[in-house]
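Data first, discussion second: the structure below is written as structure tokens.
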Amino acid sequence: MRIAALMLFLTVMTLTAADIETATLDNGLTVIMSPDDTSPVVTICIAVKTGATCQTPETNGLAHFYEHMFFKGNAALPDQTAYNQRMGALGIVRNGTTYPERVQYFFTLSSTRLVEGLQFMFDAISTPLFDMEEMERERLVIMNEYERGLTHPFNALSDAREAVIYADAPWRINGIGEPEVIQSAAPPAMYHFRETYYTPDNCALIIAGDIDPEETFRLVEEMFSPWEFGGLSNYDELPLLISIEKDTTVFVESPAGISYVSIVYEGPSISSEPGDSYPADVWGSYLSLMSREFYTDLVTNGPFLDVHGSYYTQRFSPSITFGGMIVDGRTDEALEMLRDEIEQLMNPDYYDDEGLHLAMDELRRHRILAEETSRDVAIESLPFWWVVAGDLDYYTTYQDSIDIVEKEDIMLFLDKWLLDSPSAVFIMAPTGEEEQS
Amino acid sequence: MRVAIISLLVAVLLSVTAGVPDGVEELTLSNGIPVITRTLTSNAIEGVSIFIVGGSRALTLETQGLERFALECAVMGSGEYPGPVWRELMDLTQAEWTGNFNYDFTRYHLRCITEDMPELLDAFGTCLLDPDLDPDAIEQVRASMLQDLIESRSDPDSWIWFIANDAFMPGHTYRNLPNGTPEIVEGFTEQDVRNMLTERIRSGNIVITHAGQTTPEELLPMLEVAFGEIPEGGEEYPEVGLFTVHSDTVAVQHREVPTAYAVVKFNAPPRGHPDQQVFSAAMTVIDDMLWQVLRTDNALTYSTFSGSTNYEQNWGYMYVSSPTPVEACSLMAGVMTAAIDGAMDQDAVTAAIERLRTYDAISAANKATQCWLMGSYQISTGNWRNAFTIFDEISEMTPEQVASVLDRWVVNGGWGIIADTTVTPVSDLGPWPLR
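Following this line, the structure appears as structure tokens:
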């Protein structure tokens, strides 16, 4: 695609923490810039609306496989060795991550090499080769990543969670995927992912650090405009994934001796019920207060070593989760106490006004602390909110929306999502405690 | 805590080398505690690290984990800030306290908003000097440490580093585990905690570093209020002995795991040695080579890397996970052998230097990292400036220098391996000579 005259406008938004400027290319690419001259470094991140949630049983693991292939040969660099050498020459620090609801890639390098960094990102994102020999080698690498996951002490708990909470389509939450799919992955499936999701209209390019936004945008426009519009992504139309239709209890044996309990409910999707997410966050923040009942009952005076009760903002798999590690041998007591505490959460008197103010302030402070560096902004905040919320409006108006949450909003949220709702209980404990539980 | 008479020495330091940043000042509290502060005005986040020199050196086989246990108990609350008040303060500020317990020191790092720093420092100071030591809180700390130990030991990716210690440093001071063992942690008493705190919380054992927008003039009174009453004195620890691996050695732990984990440790220049920075950079070159050979060329692993430590006595290390440990470890050793033989070009060395420059630039914006660098280099090399001088020494580094520094230090390797020995017999599992 060639773009003759671009209609560009930069929207400047001042936030509590990071300052950002956004624009959209004619090919649909969202460009987000966050200038910060604290250090002569820049982070270039591409966020893609894809991830495990776009998978089918036949492609279970291929969103992640694709992420690996991003770091291999492309039209400018014929193979991974050339790719590695170019990264070395540019002093690039890089990574890629496949989440259930997004995939992102980033390069951090000296801001004096911004032009080369942008070119490197363009070549990698828009022209991957999917060479069969490189795929053959990479499937062994990914299998080792899979095997490493199996040795993690919480792996069995994670598997149980996927099977129960996302029972309708567990492949839409499973990032690493199934071995047989990994073993048989081939270029056509990669091309399918590329054509469907790896197009500019389904991606955001985030550039944060020591940059001049105007000049940076000019460079981006020049380099990324040839990336062809796709229009095939079905991401926004994907159905809700989380589904807890009845009360379920699952016991997971922990040969290592670790004790952990969690209770999970469905939560509001940010795409269909964004209004519910604000009281949900204030409520979760209230429960994290160490000076209030939830913590003092369960940790200070109870069997938990730590505890959380919180809402996880997602489009397809939003959840409300309670849980924590438990003092050895007190699993049953912990589960009973946690259930009792959840019942009390429905009582308005459980929440005091001062605590609610603290909870709201906590969210404000949390954002400031979470965005200490331009790199944090580029690879933590902005990709998450752009993908999960669909754009940055939610992110930029978030604090204002939090500030007007009232206790009544929280009680409505709890009535709707917790009261009499089915839950999934997961108990991980050493062998021998199953019969008791 | 009340301020006594403050005698302050503020010395503005001149940058003695090109890499040392502006805006770093050294201060001294009235009781002699040194403070190194770097003014960074980028945002309203502050970082303060309190380093307590000791670590494994302050422990014996019988007291492994006690330093951590005592300090974790102390920060549960104090006479002035009992548990509920302390927790309310944490709620109010959303401050983050991070503890790090290692071979040479313990470090508590505070990350907070500027306006909250004075009270948080004051509260922490009272915890060190007048800890509440509520019996329930002590049991909570014990239970938490025991769970951490269980989790760490059950995760082969975490435990492999200690298996390598069995091979590399048997009987050495650093073999004392900063986090202890379940059996030992079970037995600690309140009196053990009090004794440890009385002995360890001395001005001569403490170094404080800060990074943030608070100026030295504002910072000093805050620190004086918080830490100025810490008693003088401190311990002189005996020098940490050399690692004496007389031959290539391997320690193997059997587990039914689908992938093996392997780490090899070998001698590296001790603190302050002229080779230390070049060796550290050389291990970054090795890191790139491991990625190329083990992952890119041979697809034997998802994760492989190398590096070196920065303690009083140091080691280099290489790590790999692989379902075929014999092949992977053999190649890993081969990478080191090839590097010692000089099998690399200037581009490879330059790439490693460039990557280190990027890491350096990333860390310059992060207060926690700045605090860590200044404090750990102050303790391990006696001069915080060394945290910033690496590029003075490695900017022009050549393949010959890399080969030469590795040749001087890398002799015998202590290998640790966790593997399913019913699949790969113990007799096949090394050790693999590094040269």
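Residue numbers (the numbering used here), protein chains in the order written: chain A, -8 to 428; chain B, 23 to 457. For every residue, glycine included, the Cβ atom is placed at its ideal position computed from N, Cα and C. Treat the numbers as computed from the prediction; the structure is a model and nothing was measured.
Chain B residues whose Cβ lies nearer than 8 Å to that of residue i
i                      : result
residue 143 of chain A : 177 and 179
residue 365 of chain A : 387
Cutoff 8 Å; reference residue i; Cβ partners in own chain excluding five residues on either side
i                      : result
residue 316 of chain A : 249, 250, 251, 295, 296 and 297
residue 90 of chain B  : 121, 123, 128, 167, 200, 201 and 202
residue 38 of chain B  : Interpretation of residue 38 of chain B is limited by its pLDDT of 41, a score under 50 that renders its predicted location unreliable; no figure is taken from the coordinates.
residue 83 of chain B  : 198
residue 43 of chain B  : 37, 60, 386 and 410
residue 7 of chain A   : In this predicted model, residue 7 of chain A has a pLDDT of only 44, less than 50, meaning its place in the structure is not dependable; the value taken from the coordinates is given anyway. These residues qualify, in order along the chain: 355, 358, 359 and 390.
Bounding residues of the beta strand (DSSP E) (the contiguous stretch that carries residue i)
i                      : result
residue 89 of chain A  : 84 to 89
residue 73 of chain B  : 67 to 75
residue 464 of chain B : The structure shown has nothing for residue 464 of chain B, since chain B only spans 23 to 457.
Own chain, CB closer than 6 Å to residue i, minus 5 neighbours either side, in chain order
i                      : result
residue 109 of chain B : none
residue 79 of chain B  : 195 and 259
residue 419 of chain A : 148, 243, 245 and 251
residue 278 of chain B : 442
residue 70 of chain A  : 64
residue 445 of chain B : none
Other residues of its chain near residue i: CB distance less than 7 Å, five sequence neighbours each side excluded
i                      : result
residue 398 of chain A : 339, 342 and 347
residue 101 of chain A : 31, 32 and 82
residue 46 of chain A  : 53, 54, 162 and 163
residue 368 of chain B : 420 and 421
residue 349 of chain A : 280
residue 189 of chain B : 271, 272, 273, 436, 437 and 438
residue 211 of chain A : 22, 109 and 196
residue 377 of chain B : 306
C-beta atoms of residue i and residue j nearer than 8 Å
i                      : j                      : result
residue 87 of chain B  : residue 206 of chain B : yes
residue 88 of chain A  : residue 43 of chain A  : no
residue 272 of chain B : residue 437 of chain B : yes
residue 215 of chain B : residue 92 of chain B  : yes
residue 428 of chain B : residue 357 of chain B : no
residue 84 of chain A  : residue 72 of chain A  : no
residue 329 of chain B : residue 421 of chain B : no
residue 205 of chain A : residue 233 of chain A : no
residue 416 of chain B : residue 298 of chain B : no
residue 17 of chain B  : residue 351 of chain B : An answer regarding residue 17 of chain B cannot be provided, because it is not within the stretch 23 to 457 covered by chain B.
residue 223 of chain B : residue 142 of chain B : no
residue 290 of chain B : residue 336 of chain B : yes
residue 309 of chain B : residue 373 of chain B : no
residue 58 of chain A  : residue 94 of chain A  : yes
residue 119 of chain A : residue 60 of chain A  : yes
residue 392 of chain B : residue 229 of chain B : no
residue 371 of chain B : residue 307 of chain B : yes
Range of the contiguous alpha helix (DSSP H) that encloses residue i
i                      : result
residue 388 of chain A : 384 to 394
residue 328 of chain A : 322 to 335
residue 149 of chain A : 146 to 156
residue 359 of chain B : 347 to 362
residue 212 of chain B : 212 to 222
residue 391 of chain B : 389 to 403
Chain B contact residues for residue i, given Cβ-Cβ distances below 7 Å
i                      : result
residue 32 of chain A  : 380, 383 and 384
residue 71 of chain A  : 318
residue 315 of chain A : Those within 7 Å of residue 315 of chain A in chain B number zero; the least Cβ separation is about 11 Å.
residue 420 of chain A : Those within 7 Å of residue 420 of chain A in chain B number zero; the least Cβ separation is about 12 Å.
Residues that residue i contacts on chain B, provided the C-beta gap is smaller than 9 Å
i                      : result
residue 75 of chain A  : 310, 313, 314, 318 and 373
residue 79 of chain A  : 310, 369, 370, 372, 373, 374, 376 and 377
residue 247 of chain A : 172, 173, 175, 176 and 177
Neighbouring residues, chain A, relative to residue i (Cβ below 8 Å)
i                      : result
residue 201 of chain B : Residues of chain A passing the Cβ test: none, with the nearest at roughly 15 Å.
residue 165 of chain B : 296, 318 and 319
Under 7 Å from the C-beta of residue i: neighbouring residues of chain A
i                      : result
residue 114 of chain B : 349
Near-chain B residues of the segment 345 to 361 of chain A (beta-carbon distance less than 7 Å), N- to C-terminal order: Listed in sequence order: 349, 353, 356, 357, 359 and 360.
Positions along the segment 82 to 103 of chain A whose CB lies within less than 9 Å of some CB in chain B: For chain B, the residues of the segment 82 to 103 of chain A that bring a beta carbon within less than 9 Å of one of its beta carbons are 82, 83, 84, 99, 100, 101 and 102, in chain order.
Residues from the segment 260 to 285 of chain A in contact with chain B, defined by Cβ distance under 9 Å: Cβ contacts with chain B: 279, 280, 281, 282 and 283.
Short-range partners of chain A found in the segment 407 to 421 of chain B, where Cβ spacing is below 9 Å: Going along the segment 407 to 421 of chain B in chain order, one finds no residue with a Cβ nearer than 9 Å to chain A.
Contact list for the segment 60 to 77 of chain B against chain A, Cβ threshold 8 Å: Against chain A - using a Cβ distance shorter than 8 Å - the residues of the segment 60 to 77 of chain B are 62, 64, 65, 66 and 67.
Selection of the segment 19 to 53 of chain A by Cβ proximity to chain B, strictly under 8 Å: Within the segment 19 to 53 of chain A, the qualifying residues are 27, 29, 30, 31 and 32.
Residues from the segment 127 to 159 of chain A in contact with chain B, defined by Cβ distance under 9 Å: Answer set for the segment 127 to 159 of chain A: 127, 128, 129, 130, 131, 132, 133, 134, 135, 136, 137, 138, 139, 141, 142, 143, 144 and 145.
Contacting positions in the segment 276 to 287 of chain B - beta carbon closer than 9 Å to chain A: Residues passing the 9 Å Cβ filter: 277, 279, 280, 281 and 283.
Residues in the segment 92 to 105 of chain B having any Cβ partner in chain A nearer than 9 Å: With the criterion set as a beta carbon lying under 9 Å from some beta carbon of chain A, the members of the segment 92 to 105 of chain B are 105, in sequence order.
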